[in-house]
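First residue of the sequence shown: 1, per full-length UniProt numbering; consecutive thereafter.
No residue lacks a Cβ here, since even glycine has one placed at the ideal position from N, Cα and C.
Since we're looking at a predicted model, the values are computed, not measured.
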Amino acid sequence: MYVGALELDILLGDVHSLKQKRSAVRPVIAELRRRFEVSVAEAGHLDLHRRALIGVAAVAPDAAHVRELLDSCERLVAGRPELQLLSARHRLVGPEDD
């Protein structure tokens, strides 16, 4: 079993309040869950209205599948015109990491 984690640091465009931030981030989280069947949550920068840290986690029987899922998630977020992806950090844990 392989477990992968992805941290996406995002800069939001024309957002002036935490309420606007929620309305921009929620659809992204929902789309990631729906399209890729991964676990997703807003995991950081909770008090900043123009920044968001989205965490994505996936479990699969092989490392290649986990990498492919996380890369697809990153591409989806990077392709959203209302967001600017500042950084993406990938982590992979497998049976040899015990």
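message = Which same chain residues end up closer than 6 Å to A57 when comparing Cβ atoms and leaving out the 5 residues on each side of it in sequence?
response = Counting only Cβ-Cβ distances below 6 Å, and skipping sequence neighbours, we find A5, S39.
* To do: To the nearest angstrom, report how far apart M1 and H16 are at their CA atoms.
  => C-alpha separation (whole angstroms): 42 Å.
Checklist entry - Taking the Cβ atom as the reference point for each residue, do A63 and L92 lie within a distance shorter than 8 Å? => result Yes, these two residues count as a Cβ contact at 8 Å.
_Residue range of the beta strand (DSSP E) that includes H65_ = In the DSSP assignment, H65 falls outside any beta strand (DSSP E) and within the unbroken alpha helix (DSSP H) covering 63-78.
Examine chain B for any beta-carbon lying closer than 8 Å to the beta-carbon of R51, and answer yes or no. Included in the structure is just one protein chain, with no chain B present.
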